[in-house]
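Notes for the one structure printed next.
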Amino acid sequence: MKAIRVHAPGGPEQLQVDDVPVTEPAAGEVRIRTEVIGVNYVDVYHRQGVFPVALPFVPGMDAVGTVDAVGPGVTELAVGERVAYGELPGAYAEFVTVPVRLATTVPDGLDSGTAAAAMLQGLTAHYLAHDSHPIAKGQTVVVHAAAGGVGQFLVQFAKRAGAHVIATVSTDEKAELVFGLGADAVVRYDRENFREAVRRITDGAGADAVYDSVGKDTFLDSLDSLRPRGTLVVYGRASGTPDPIDPFVLVQKGSLKLTWPSLTQHVLTREEFTARTGDLFAGLLDGTLRARIDRTYDFADAPAAHTRLERRESLGKILLRHP
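By this note's numbering, the letter at position 242 of the sequence shown is numbered 1077, and the numbering carries on one by one without gaps.
Okay, structure coming up:
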């Protein structure tokens, strides 16, 4: 089969199309013939070596396709079913073999592109909004990089919960996009200090939670944007890893809570995985959630897809599709 592999850490040019063997599913696994493949920032981290993995490797953490084979003991899915999977490397390939606990049926009426656009980023936003800091009606939350894939879902989950959303973006186009998703206020962080803007918008009170995927450049100002007992949820480091802080700083700033969660620990069982994907898919079908597809590239054009993502040019999910 054709697979895109990385043989050495580096830039998008390291994404090479190789011929590799097709693996047979073991007990508890299914093999999926991929149709649409998600491109996520974690793929960039893996390719760059920020999150080291054994070389060579096949990037990609989510995809939609058709079950091609099942391993011994698998009864949850059958050959021929259209499925989505997430949270395991190997998606940039014609076939991917995954544990059945990380795969779920795509409901009729939901097209494959939309399902793929909702997987890793939608699942991430789901646990962030429901578990890392359970957003409640009347709260005020700040969403950094709100026009990104996870950010868009966070804005929608927060509005669905009845929260007031302050979104930070870098362009007028992105501001228009997040306003369209329901954001109550948008801050152009390239034009004004977002900490000061949050304090102004909240009449000095601060936010109940800040969701921060930027990392180093925003970390301290994110802490200073919180009200007493507020929560900073860090889930990315697009600008680098934040500098270490003394935990006593959290006391000084108002008994704050700080967490850096991972999707892996929030889909530990098939029941949890299918509950989250079920909520996502139901929202997409009834119109309470929207998954925006930024651009779809041919499979072999993965380097161009990574380049667009790294330049922060995308407005939503980037996908790869087999020609």
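For glycine and all other residues, C-beta sits at the position ideal for the given N, C-alpha and C.
None of the values given here were measured: they were computed from a predicted structure.
The DSSP-derived three-state label of E870 is strand. Listed in chain order, the non-local C-beta contacts of I839 below 6 Å within the same chain comprise L850, V852, Y927 and A1137, local neighbours out to five positions each way being set aside. For D946 and P1082, the gap between their C-alpha atoms comes out near 46 Å. By the 16-neighbour rule on beta-carbons within 10 angstroms, S1074 is exposed. Contiguous beta strand (DSSP E) elements confined to the segment 914 to 946 occur at 917 to 921, 930 to 934 and 938 to 940, taking only those with 3 or more residues. Closest in alpha carbon position to V857, among V909, V931 and P887, is V931. Its chain contains P1063 and R1064 as the residues whose beta carbon lies nearer than 7 Å to that of S1090, once the 5 sequence neighbours on both sides are disregarded; these appear in chain order.
Taking 8 Å as the cut-off, the Cβ atoms of I1153 and R1130 count as close. DSSP, reduced to helix, strand and coil, places H1101 within a helical segment of the structure shown. Here the segment 935 to 950 does not lie against the segment 977 to 992, with fewer than 3 beta-carbon pairs under 8 Å apart. In chain order, K972 place their CB closer than 6 Å to the CB of G997, counting only its own chain and leaving out the 5 sequence neighbours on each side.
In the displayed model, V985 falls within a helix according to three-state DSSP. Take G957, set aside five residues on each side of it, and the residues of its chain with a beta-carbon closer than 6 Å to its own are F988 and L1115, in chain order. As DSSP reads the structure, H999 sits in a beta bridge with T975. Excluding five sequence positions before and after V1049, the CB atoms of its chain that fall closer than 8 Å to its own CB belong to H979, A980, G1071, R1072, A1073 and S1074, given in chain order. In the DSSP assignment, A960 falls within the unbroken alpha helix (DSSP H) covering L955 to Y962. In terms of CA proximity to S1149, G983 leads the group G983, P894 and A1010. In this chain, the beta strand (DSSP E) harbouring L850 covers L850 to D854. Across the structure, T1037 and Y920 are spaced so that their CA atoms are roughly 40 Å apart. In the structure shown, V899 falls within a strand segment according to DSSP collapsed to helix, strand and coil.
Assigned with DSSP and collapsed to three states, P1138 falls in helix. Contact annotation: V902 and G863 have beta-carbon atoms that are not nearer than 8 Å. Between the segment 889 to 907 and the segment 962 to 970, the count of C-beta pairs closer than 8 Å stays below three; the two stretches do not touch. Per DSSP, reduced to three states, the secondary structure at T1037 is coil, with no helix or strand assignment.
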